[in-house]
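If you read the sequences in order, they're chains R and D. Here the first sequence stands for residues 38 to 445, numbered as in my numbering. Here the second sequence stands for residues 472 to 578, numbered as in my numbering. A short worksheet on the structure shown next.
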Amino acid sequence: MSAAQEVAERVSSDLNPLVREGFLNPYPMYQELRALGPVVWMQSLNAWGVFRDAEVRRVITDWQSFGSKGGGGVSNFYFEKPWREPSVVFEVDPPDHTRTRTVLTRVLSPAALAKLKAGMEAEAARLVNSLLERKTFDAVADFARPFPLKVLPDAVGLPEEGRHNLLTYNQFVRKGRALNWRQNWTEADEVEGERITNWVADHCRREGLKADGFGAQIYAAADAGEISDYEAAMLVRSFLTAGVEGTINGISHTINLLMAHPEQWAIVRDDPTKVRAAFEEMLRFDSGVQIIARNTMGEMDFEGVRLGAFDKVIAFIGSANRDPSRWANPDVYDVTRNTAGHVALGTGIHGCVGQMIARMEATAVLGALVRAVDEIRPAGAPVYRTTGARGLESLPVTIRGRQGSLAQ
Amino acid sequence: MTKVTFVGTDGSETVLDVPPGTSFMQVAVSAGLAGIVAECGGAAMCATCHVYIDPADSDKLAPISTIENEMLAATASERRANSRLSCQLQGHPDLSSIRVHLPETQV
Ligand code: HEM
Ligand code: FES
């Protein structure tokens with residue numbers, strides 16, 4: 038079992054930035070935890086936590102010491118059975134990872150994505166034009182959610198019907214990554230979890246996918262012998278899990294932050310090409326994804342502390358992105374900042390493979406909106422989720438169109 | 472430490488010390504070197520950290536991985552035989568110095 042219990046000199050804490058007040062605003066806790074030391078035993082998570090930029094970077098990039106097979110969440114697959122079959126890219130180490138990742142790199146490279154740009158921009162313009170007529174709408178339900186839920190599954194080659202199932206599936210994946218997830222699993226979860234698993238598995242099969250999409254390209258790599266058919270189906274699943282929710286949260290939260298910071302909104306309104314920077318700074322400043330989890334591959338010394346074999350080590354990327362030793366004025370949302378080097382999308386061999394399409398989606402849809410409006414303000418209180426994926430559930434807004442503008 | 476000389480398209484030279492295990496890209500970005508964009512922060516997903524290895528130094532580096540090879544197909548400036556992604560190149564105790572040339576454009 039875990040050797041962590043025997044370590045005498047470790048610094049430990051009972052703070053839990055992943056629940057309750059920490060979930061909504063973890064930043065004051067991060068400040069305390071960064072000050073405690075380079076690595077902290079988190080009693081409430083039964084795991085080590087790292088909070089400073091330097092150690093976070095080391096844990097997420099040093100795959101020889103910190104592997105991914107123990108699962109992408111707090112739940113430790115070495116000791117707790119995972120809810121679903123582990124991912125063949127996110128939850129594996131080289132050399133298996135290199136094989137699957139090579140295929141995804143090809144499918145999602147900027148060169149491959151260039152073909153999607155015009156279609157995405159047309160879709161964004163359609164959506165924004167319909168909202169210009171309504172003036173008051175929910176920036177989550179009517180804007181941030183429908184766009185990725187249309188363009189990403191379209192790109193994968195998924196049929197139209199039943200796409201809301203992707204959001205349900207994401208909720209289950211998240212619940213299934215929590216510590217002791219099984220203890221909190223209800224009978225209803227059991228039934229719905231099985232239904233959704235089957236729906237996703239059905240939609241990852243070669244037969245249902247359109248001929249020219251990412252899905253078909255992944256199966257082409259299987260036909261070429263680069264990966265197995267099983268791995269191909271599992272890689273299609275990766276798009277369906279990781280591909281939509283982060284983008285939805287990111288698009289809605291960028292609008293939220295711009296409304297909360299009028300001087301930043303003015304910069305973006307005057308130069309709509311700045312939406313890309315506004316999205317990127319949102320990622321650094323307050324992203325939906327706050328942690329990346331790894332496991333030690335054996336007993337090891339880390340920053341003078343003895344870690345046990347297969348211990349869970351959680352890199353708090355949201356804390357690294359606010360580390361004052363790395364960032365000037367880290368608690369300020371500043372769209373003019375050089376954000377290069379934030380770790381909101383990870384970095385190194387597991388760094389987000391979907392990040393260029395996420396940026397492309399956000400730039401297309403936020404760009405279309407900003408080019409068409411010169412004012413956007415709250416039309417009610419935003420509703421934040423308090424469990425599950427961190428992000429907005431609802432964001433009522435009112436917009437005023439620029440003189441005579443229709444999105445183009 | 473590895474001394475990396477970045478040569479701009481105008482011939483200007485910037486010499487940076489890259490510690491073992493740290494990427495050329497990371498040090499260039501921290502130093503604010505304009506010719507390296509590195510939008511993906513080192514995940515080999517953006518191809519905006521493209522460099523050309525000086526022909527005299529071409530045998531000093533580890534070979535191109537399959538992943539780097541895929542991404543090199545997406546560079547904005549022409550891919551050549553000596554093209555590499557600087558996020559995939561790391562300082563090493565056995566590598567004392569190397570010259571790399573910046574491309575015309577990264578985006
Ligand atoms: C703003 C939106 C997004 C955020 C915040 C996000 C966040 C992340 C993070 C933090 C990681 C690193 C995990 C690790 O190091 O273990 C990651 C990996 C990954 N992401 Fe994203 N992501 C986003 C969008 C997407 C999209 C649109 C896709 C698919 C099209 C995607 C697919 C993946 C996959 C497959 C991995 C695993 C890569 C690997 O392990 O090699 N993500 N993402
Ligand atoms: S930094 Fe993006 S490919 Fe090197």
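Ideal Cβ positions, reconstructed from N, Cα and C, are used throughout, including at glycine.
Asked	Found
Going by DSSP, which residues form a beta bridge with Tyr67 (chain R)?	For Tyr67 (chain R), which the question treats as bridged, DSSP gives no partner whatsoever.
With a threshold of 7 Å (Cβ to nearest heavy atom), would Cys558 (chain D) be considered close to ligand 2?	yes
Indicate the three-state DSSP secondary structure (helix, strand or coil) for Gly283 (chain R) in the structure shown.	helix
Would you decide whether Phe116 (chain R) is buried or exposed? Buried here means 16 or more other CB atoms lie within 10 Å of its CB.	exposed
With a cut-off of 8 Å on the beta carbons, I'd call Val312 (chain R) and Val407 (chain R) a contact; round off their distance for me.	6 Å
If you draw a straight line from the alpha carbon of Ala151 (chain R) to that of Arg396 (chain R), how long is it in whole angstroms?	12 Å
State the DSSP-derived secondary structure class of Arg89 (chain R), mapped to helix, strand or coil.	coil
From Val44 (chain R) to Gly194 (chain R), what does the alpha carbon distance come to, in whole angstroms?	Note that Val44 (chain R) has pLDDT 48, beneath the 50 cutoff, so the model's placement of it is unreliable and the number below is only indicative. Distance between the alpha carbons of Val44 (chain R) and Gly194 (chain R): 51 Å.
Please report how far the alpha carbon of Arg73 (chain R) lies from the alpha carbon of Val48 (chain R), in whole angstroms.	A small correction: the amino acid at residue 73 (chain R) is Leu; Arg does not occupy that position in the sequence shown. C-alpha separation (whole angstroms): 7 Å.
Do Ile97 (chain R) and Thr376 (chain R) have their beta-carbon atoms positioned less than 8 Å apart in this structure?	no
Taking buried to mean at least 16 other C-beta atoms within 10 Å of its own C-beta, is Leu61 (chain R) buried or exposed?	exposed
Pull out every residue of the stretch 486-501 of chain D whose Cβ sits closer than 8 Å to any Cβ of chain R, in chain order.	Gln497, Val500, Ser501
Mind reading off the beta-carbon distance from Val390 (chain R) to Leu145 (chain R)? Whole number of angstroms is fine, and I expect it under 8 Å.	6 Å
Considering only the beta carbon of each residue, do Leu487 (chain D) and Val522 (chain D) sit closer than 8 Å?	no
Glu575 (chain D) touches chain B at which residues, Cβ-Cβ below 7 Å?	Looking for chain B here will not work: the only protein chains present are R and D.
Of the residues that make up the stretch 140-153 of chain R, which ones have a beta carbon closer than 8 Å to any beta carbon in chain D?	Thr142, Arg143, Leu145, Ser146, Pro147, Ala148, Ala149
Can you check which of these residues, R:Ser265, R:Ala257, R:Asp308, is closest to Gly404 (chain R) by C-alpha distance?	R:Asp308
Just to make sure I have the definition right: I need the residues of chain R whose C-beta is within less than 7 Å of the C-beta of Thr537 (chain D). Which are they?	Thr135, Thr139
Within this structure, are the beta carbons of Phe251 (chain R) and Ala330 (chain R) separated by less than 8 Å?	no
What residues in the stretch 506-517 of chain D have a beta carbon less than 9 Å from any beta carbon of chain R?	Ile507, Val508, Ala509, Glu510, Cys511, Gly512, Gly513, Ala514, Ala515, Met516, Cys517
Can a CB atom of chain D be found closer than 8 Å to the CB of Thr310 (chain R)?	no
Quick check on the DSSP output: the beta strand (DSSP E) that includes Met79 (chain R) runs from which residue to which?	77-79
Step through the CB atoms of chain D and report whether any lies within less than 8 Å of the CB of Gly250 (chain R).	no
Run the proximity test for Phe180 (chain R): is its beta-carbon closer than 7 Å to any non-hydrogen atom belonging to ligand 1?	no
What separation, rounded to the nearest whole angstrom, lies between the Cα atoms of Asp371 (chain R) and Gly417 (chain R)?	25 Å
So with Cβ pairs under 8 Å, would you call Glu541 (chain D) a contact of chain R?	yes
What residues from the stretch 290-305 of chain R come within 9 Å of chain D, judged by C-beta to C-beta, listed N to C?	none
Below 7 Å on C-beta distance, what does Thr384 (chain R) contact in chain D?	Gly512, Gly513, Ala514
Of all the options R:Leu203, R:Ile413, R:Ala215, which has the alpha carbon lying nearest to the alpha carbon of Glu528 (chain R)?	Outside the shown range of chain R (38 to 445) lies residue 528 (chain R), about which nothing can therefore be said.
Just reading off the alpha helix (DSSP H) that Arg136 (chain R) is part of, what are its end residues?	133-144
Just the chain R side, please: which residues come within less than 8 Å of Ala545 (chain D) by C-beta, in chain order?	Ser146, Pro147, Ala148, Ala149
Can you tell which of R:Arg243, R:Pro123, R:Val87, R:Arg138 has the C-alpha that lies nearest to the C-alpha of Glu263 (chain R)?	R:Arg138
Go ahead and pull the three-state DSSP assignment for Ser567 (chain D).	coil
Would Val126 (chain R) be called buried (16 or more neighbouring beta carbons within 10 Å of its own) or exposed?	buried
By DSSP's criteria, Ala330 (chain R) is part of a beta bridge. Which residues make up the other side?	R:Ile351
What are the residues that DSSP puts in a beta bridge with Pro415 (chain R)?	R:Val434
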